Amino acid sequence: MQEGAPPHIATPVKQLLNLHFGNDRIIIRHFPTAWPPRSSGLNPCDFLLWGYLRDVVYGGPIANVAQLKNRITQHIHNINTETLQSVVKHAVLRFQLIVENGGQHIEHFLSKSKRFIDGFISFCFFFVFWPRDN
């Protein structure tokens with residue numbers, strides 16, 4: 010995923026989503042409810058995952074591209090269920106705040122609480138995933 014780029018979704022995936030959720034409950038291009046363009050505040054990958062990966066992947070020197078790819082893959086595979094649930098809860102809070110504010114920008118509402126929550130989640134990621142010497 011490129012930051013700010015609109016998502017690509019294959020036809021079979023659209024059909025599966027439509028089958029399970031119905032046409033009116035899917036928020037993405039080519040469905041009745043359009044995903045807001047370039048809304049990094051609504052995308053957990055943008056507001057959480059990329060920052061976490063950057064911090065853990067570049068935590069030490071990287072010798073070559075193969076090692077970089079290996080570290081990224083390793084850290085993505087190490088993300089556990091509890092962490093993903095925490096990310097979803099954080100995303101839901103953001104979505105609720107956007108609804109409460111009529112779809113307007115919310116970053117100024119998140120300034121203090123966002124720094125605390127994002128810092129806490131980053132700390133949890135760091136604590137859970139940072140390589141430990143055994």
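Here the sequence shown is numbered in the working numbering, starting from 10 and rising by one per residue. Ideal Cβ placement from N, Cα and C applies to all residues, glycine included. None of the values given here were measured: they were computed from a predicted structure.
Exposure label - residue i; buried when at least 16 CB within 10 Å
i	result
V66	buried
R63	exposed
I115	buried
L57	buried
DSSP state of residue i mapped onto helix, strand, coil
i	result
V22	helix
H117	helix
I71	coil
H99	helix
G60	helix
M10	For M10, the pLDDT reaches just 49, beneath the cut-off of 50, and the residue's location in the model is therefore unreliable, leaving the point undetermined.
N143	Unreliable positioning characterises N143 in this predicted model, as indicated by a pLDDT of 47, which lies under 50. The coordinate reading is nonetheless provided below. It is coil, neither helix nor strand.
Host alpha helix (DSSP H) of residue i (start-end)
i	result
G31	Taken as a continuous stretch (DSSP letters only), G31 belongs to no alpha helix (DSSP H), as it is neither H nor E.
I85	74 to 86
Beta-carbon gap between residue i and residue j smaller than 7 Å
i	j	result
I35	L28	no
K53	V96	The residue asked about is misnamed: residue 53 is Pro in this sequence, not Lys. Cβ distance < 7 Å, so P53 and V96 count as in contact.
L77	I71	yes
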